[in-house]
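**Q**
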Amino acid sequence: MPSPPLPPLAEFLRWISEMPPVFRGEPGVGSRGGVRVRAVVADLMETALREPAKPADLAPFNFTGSTAERNRLRWVLAACHVLWHPSLRERSLPPDGVRRLLVQDMAALAAVAPFDGLASEEERREELVRRTIGAAGLRLPGESETDAADRLTQVDSIERRRLLAAAAEKQKRAKAIQEELRRKAAEEAASKASSE
Amino acid sequence: MSARITAELKRRNPLITAAAAKTLHRIKEHPDAPRFNGELGDRLVKADLAALDRLREGLATGRRARRGFAPPPEVLAALAAAIPRVGRFRNTVPRGLDLAKDWADVPTTSREDLAFSMHELIPDDADFARLIVHPTSGTTGHAVFVPHHPVAGSAYLPLFEVALASHGIRLSPRAADVGTVQVHAQSFTLTYATVHAAWGNSGYAKVNLKAAEWPKPESRGRWLEAMAPLTMTGNPSAYAALLELGTRIRPRAFFSTAFALAPALAKRLAAAFNAPVIDWYSSIETGPVAFTCPRGDFHVLPHDLHVEVVDARGLPVPSGNPGEICVSGGRNPFLPLLRYRTGDRARLETKPCACGDPMPRLLGLEGRAPVLLRAADGSPVASVDVSRALRDFSIAQHALVQRAGGAVELDVRPLPDWPLDAARIEKALRGVFGAKTKLRVRVVKRIDGPGGKVAAFRSELK
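As given, the protein sequences belong to chains A and B, one line each in that order. Quick note on numbering: the first sequence equals residues 1 to 196 in this note's numbering. Quick note on numbering: the second sequence equals residues 1001 to 1462 in this note's numbering.
(1) In the DSSP output, which residue or residues are listed as bridge partners for K1206 of chain B?
(2) Quick one: complete beta strand (DSSP E) runs, 3+ long, within the stretch 1293 to 1360 of chain B?
(3) With a threshold of 6 Å on Cβ separation, who are the neighbours of R1341 of chain B within its own chain once the five nearest residues in sequence on each side are excluded?
(4) Could you check whether the Cβ of R1043 of chain B sits closer than 9 Å to any Cβ belonging to chain A?
(5) Going straight from the alpha carbon of N1208 of chain B to that of Y1281 of chain B, what length do you get?
(6) Just the C-alpha distance for P1215 of chain B and L1301 of chain B, rounded to the nearest angstrom, thanks.
(7) Check V1086 of chain B in the structure and name its three-state DSSP category.
(8) Shortest alpha-carbon distance to H1142 of chain B belongs to which of B:D1098, B:D1127 and B:M1118?
(9) Mind checking if R180 of chain A is an interface residue toward chain B, Cβ cutoff 9 Å exclusive?
(10) Would you identify the three-state DSSP class for M1118 of chain B, choosing helix, strand or coil?
(11) Are F1069 of chain B and L1338 of chain B touching if we call contact CB-CB under 9 Å?
(12) May I have the straight-line CA-CA distance separating S1387 of chain B from V1317 of chain B, to the nearest angstrom?
(13) Which same chain residues, not among the five before or five after E1218 of chain B, have their C-beta less than 6 Å away from its C-beta?
(14) Taking the alpha-carbon positions, what's the K170 of chain A to V1106 of chain B distance?
(15) Kindly list the residues whose CB is nearer than 7 Å to the CB of T197 of chain A, restricted to its own chain and excluding five residues on each side of it in sequence; keep chain order.
(16) Taking 9 Å as the threshold (beta carbon to beta carbon), is D1417 of chain B in contact with chain A?
(17) Taking 9 Å as the threshold (beta carbon to beta carbon), is A1258 of chain B in contact with chain A?
(18) With DSSP run on the structure shown, which of helix, strand or coil describes S1387 of chain B?
(19) If you count every other CB in all the chains shown that lies within 10 Å of the CB of K1206 of chain B, and 16 or more means buried, which is it?
(20) Residues of chain A with CB under 9 Å from T1515 of chain B, in chain order?
(21) What number of angstroms, rounded off, separates the C-alpha of Y1192 of chain B from the C-alpha of K1046 of chain B?
(22) Answer yes or no: does any C-beta atom of chain A fall closer than 9 Å to that of R1391 of chain B?
(23) Buried or exposed: which applies to K192 of chain A, given that a residue is buried once 16 or more other Cβ atoms fall within 10 Å of its Cβ?
(24) Under 8 Å, with one C-beta from each stretch per pair, do the stretch 1367 to 1385 of chain B and the stretch 1303 to 1315 of chain B reach the 3-pair mark?
(25) Please name the residue in A:P7, A:L118 and A:L58 whose C-alpha comes closest to that of I16 of chain A.
(26) Do R139 of chain A and S92 of chain A have their C-beta atoms closer together than 9 Å?
(27) Under the three-state reduction of DSSP, which class applies to L1365 of chain B: helix, strand or coil?
(28) Give a yes or no on contact between the stretch 165 to 184 of chain A and the stretch 1001 to 1015 of chain B, applying the rule of three or more CB pairs nearer than 8 Å.
(29) Quick one: does S1282 of chain B have its CB under 9 Å from some CB of chain A?
(30) Please check the pair R1252 of chain B and A1275 of chain B, which I expect to be a contact at CB under 8 Å, by giving their CB distance rounded to whole angstroms.
(31) Does the beta carbon of P1302 of chain B sit closer than 9 Å to a beta carbon anywhere in chain A?
(32) Taking a contact to mean a Cβ-Cβ separation below 9 Å, would you say R1026 of chain B touches M1227 of chain B in this structure?
(33) Report yes if the CB atom of P1150 of chain B is closer than 9 Å to the CB atom of D1048 of chain B, and no otherwise.
(34) So C1353 of chain B and H1306 of chain B are supposed to be a Cβ contact under 8 Å. How far apart are they, rounded?
(35) Within 10 angstroms of its Cβ, does F1128 of chain B collect 16 or more other Cβ (buried), or is it exposed?
(36) Taking all protein chains shown into account, do 16 or more other C-beta atoms lie within 10 angstroms of the C-beta of G1364 of chain B, making it buried, or fewer, making it exposed?
In structure tokens:
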């Protein structure tokens, strides 16, 4: 029997805004308290992928205590929460897509976006929903593949950072070349037999 | 000073010979020589001479009649190689475009692009080791620092040879000769003497005919006669001053540059010196584009520069119709040109010319009219003197107008992120126009002109 269509974006946004404390909590390290992200991911993988995760697959979710890791693992927890949405939990999700989401996409997102943005910025919530649904190989109702890609681009922190970095790099080259041209203009040129 | 080849001289002229050093010494140390205010050399190395010989071969075989709008195959090949290396072209030329077939779809570039986006037009892999820079403000007022290469500067000489040959003159200058003297008549210009390895290591001098730069006013004529230059270059104002000197030099030809040459002046000059006067259409960013044949028509000069005339949308107009001159190709490794709009206008005529030169003609060339500007004391001011005064500021574009009463109004548009101080600019202008000239300088975000064309200099003086 085909799976029912996904609920609209608004439902996923509501789902995130009601995220339970276990997914909003601080990652735990050693014997100190906090959320065991590795355990949350293991649980999710076993449910969503219908098979226990291998220890190697769970290695990226051990918390070492650094600030950058903390931000990344908080995004991982949030992505797990979205994957726990009943409309996704009941489906068979692509293992590679889910792993890539949790390992690579959340690391890339965490590198450019603080986790606190999830609470304060609707765009970050939409971005997380779209990344998660995309990683699951699905689309929101009424959206074509192109629509989904376009809408993700509009809220894509990673792409925005890349564009800003590219623009900054371009500006840097522009400035460097202008300075080089001005420096050389002040130096001796080479002779030519007529002026313009 | 002796004719010794010093390390400094060798740095400026790596290929200088003892005979050439002797000529250079003669130019500079003649009792009537002007006070040269600069030192410049051709910077050519041996490999460059081979490149210039290849240019001569290309000119001998590649100057042929043009058919259709697209560039000839050799220019197309050079452009196809440049496009992937230049950011702007990569981003704007649609991938897979057939340059020969879809030439009119290739986007144009302009002086505005040079002023604001030079970094996108310089190839990614450009090696700046031999970069030299020529500043220009051109006819549209965009202040541009144009990246250049010593070979591109010396390429003027093989191009001179083509123009001279069209007038039946064949020259093979030697180290004992003075190949060219370039004359100016303006308040200030860089003057220097050197030798050009690309022209048999013959001597070359750029001089200002302003009397104050010479030992005595009569030194000018005497020095020119002693140098006996084979050719002369200069703008029409300088040639008018030369005629007033009444000197008895016998150059084989005159090249008239920078702005339009009035037919009456050309006639007087040719008659006075019994030599042809070749009008020369060139800009710093394009290099030489065209020269006048014995019939007086401008012919496209270099075989490796594709010249077209386009409408406002960048579409080529049919042969004989007026439009903007647009060029592609060239031999500046730092600035390959792709449909570069010069801001000048003409009609392109591809029908054969009675002179026998096969290259297309640019008829009714506009955009090089001299502008009459005057200082507070009534003395003439050359627009190039104003450009020089503005050169030290980070100006992207300027538009200067001198009103009928003498007041000077200047609008300047800054480069992004480079602040401009209007008071300092005003002070620099005062140095050119004099303390009593009424001046107004405005820093503006945009400069508009009729039909989108901005005149860098305009005068309402009668």
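Here a beta-carbon is modelled for each residue, glycine too, at the ideal position from N, C-alpha and C. Nothing here was measured: the structure is a model prediction, and the numbers come from that model.
**A** Reading off the structure:
(1) Per DSSP, B:Q1182 and B:Y1192.
(2) Uninterrupted beta strand (DSSP E) stretches at least 3 residues long and entirely within the stretch 1293 to 1360 of chain B occur at 1298 to 1300, 1305 to 1310, 1322 to 1329 and 1337 to 1349, given in chain order.
(3) If we look at R1341 of chain B and ignore the five residues flanking it on each side, its Cβ neighbours are T1108, S1110, E1324 and C1326.
(4) Closer than 9 Å to some Cβ of chain A, the Cβ of R1043 of chain B qualifies, so yes.
(5) Near 21 Å, if we compare the C-alpha coordinates of Y1281 of chain B and N1208 of chain B.
(6) Cα to Cα, P1215 of chain B sits roughly 39 Å from L1301 of chain B.
(7) When secondary structure is reduced to three states using DSSP, V1086 of chain B falls in the coil class, being assigned neither helix nor strand.
(8) Distances from the alpha-carbon of H1142 of chain B to those of B:D1098, B:D1127 and B:M1118 put B:M1118 closest.
(9) It is worth fixing the name first, because residue 180 of chain A is Glu in this sequence and not Arg. It does: the Cβ of E180 of chain A has a partner Cβ on chain B nearer than 9 Å.
(10) DSSP places M1118 of chain B in helix when its eight states are reduced to three.
(11) Contact: no.
(12) Taking the straight line joining both Cα atoms gives about 33 Å.
(13) Within the same chain, E1218 of chain B has no close Cβ partners at all.
(14) Inter-residue distance for K170 of chain A and V1106 of chain B is about 23 Å (C-alpha atoms, whole angstroms).
(15) Lying before the first or after the last residue shown, residue 197 of chain A is absent from chain A, which here runs from 1 to 196.
(16) Answer yes: the Cβ-Cβ gap between D1417 of chain B and chain A drops below 9 Å somewhere.
(17) Yes, contact with chain A.
(18) Correct three-state label for S1387 of chain B: helix.
(19) Buried.
(20) With chain B covering only 1001 through 1462, there is no way to say anything about residue 1515 of chain B.
(21) Going by the C-alpha atoms only, they are around 23 Å apart.
(22) Interface flag for R1391 of chain B against chain A is set, since a Cβ pair is found closer than 9 Å.
(23) So K192 of chain A ends up on the buried side.
(24) By the Cβ test, the stretch 1367 to 1385 of chain B is not in contact with the stretch 1303 to 1315 of chain B, since fewer than three Cβ pairs between them sit closer than 8 Å.
(25) Taking only the C-alpha atoms, the option nearest I16 of chain A is A:L118.
(26) The answer is no: Cβ separation not under 9 Å.
(27) When DSSP states are grouped into helix, strand and coil, L1365 of chain B belongs to the strand group.
(28) These segments do not touch.
(29) Taking Cβ atoms only, chain A reaches closer than 9 Å to S1282 of chain B, which makes this a yes.
(30) The Cβ separation is near 6 Å, so the contact holds.
(31) No - not a single Cβ of chain A is within 9 Å of the one on P1302 of chain B.
(32) Yes, Cβ-Cβ distance for R1026 of chain B and M1227 of chain B is below 9 Å.
(33) In contact: P1150 of chain B and D1048 of chain B (Cβ atoms closer than 9 Å).
(34) H1306 of chain B and C1353 of chain B do not touch by the CB rule: their CB atoms are close to 18 Å apart, not below 8 Å.
(35) So F1128 of chain B counts as exposed.
(36) Using a 10 angstroms sphere on the CB of G1364 of chain B, the tally of other CB atoms stays under 16, which defines it as exposed.
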